[in-house]
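Numbering-wise, the sequence shown is residues 12 to 98 according to the numbering used here.
Heads up, the beta-carbon is just placed ideally off N, CA and C, and yes, glycines get one too.
Because the structure is a prediction, the values reported are computed rather than measured.
Single-structure report; data block below.
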Amino acid sequence: MAKLKILLVDDEEEFCTLMGVRIINWGYDFIKASSGKEALDILKSQNPDIIILDYMMPEMDGVATLKEIRAGKFALITPVITFTEGL
Numbered sequence: 012m013a014k015l016k017i018l019l020v021d022d023e024e025e026f027c028t029l030m031g032v033r034i035i036n037w038g039y040d041f042i043k044a045s046s047g048k049e050a051l052d053i054l055k056s057q058n059p060d061i062i063i064l065d066y067m068m069p070e071m072d073g074v075a076t077l078k079e080i081r082a083g084k085f086a087l088i089t090p091v092i093t094f095t096e097g098l
């Protein structure tokens with residue numbers, strides 16, 4: 012049985028590293044993107060089962076990224092969880 016793939020999109024390297032270790036330990040494959048644009052590029056070549064998306068990122072924030080995700084072929088298929096680490 013194939014492992015589920017989780018794409019984490021966050022611009023903070025330390026957080027991605029910590030969450031990547033946890034996601035792998037939970038038994039999932041881990042894919043990381045450090046920006047919304049990078050996430051959109053990854054979506055063209057990989058098919059994550061779940062996307063975890065930071066709300067507050069420079070250049071392309073989580074809302075803009077989510078709009079692009081929903082406009083593409085992942086419109087209704089891939090669950091997206093949005094979050095922010097604090098305001």
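- Taking C-alpha positions only, residue 49 is separated from residue 60 by approximately 17 Å.
- Residue 21 sits buried, since 16 or more C-beta atoms from the chains shown fall within 10 Å of its C-beta.
- Residue 44 counts as buried, since at least 16 other C-beta atoms from the protein chains shown sit within 10 angstroms of its C-beta.
- Nearest neighbour of residue 17 by Cα position, chosen from 82, 56 and 63, turns out to be 63.
- Between residue 12 and residue 71, the alpha-carbon positions lie close to 35 Å from each other.
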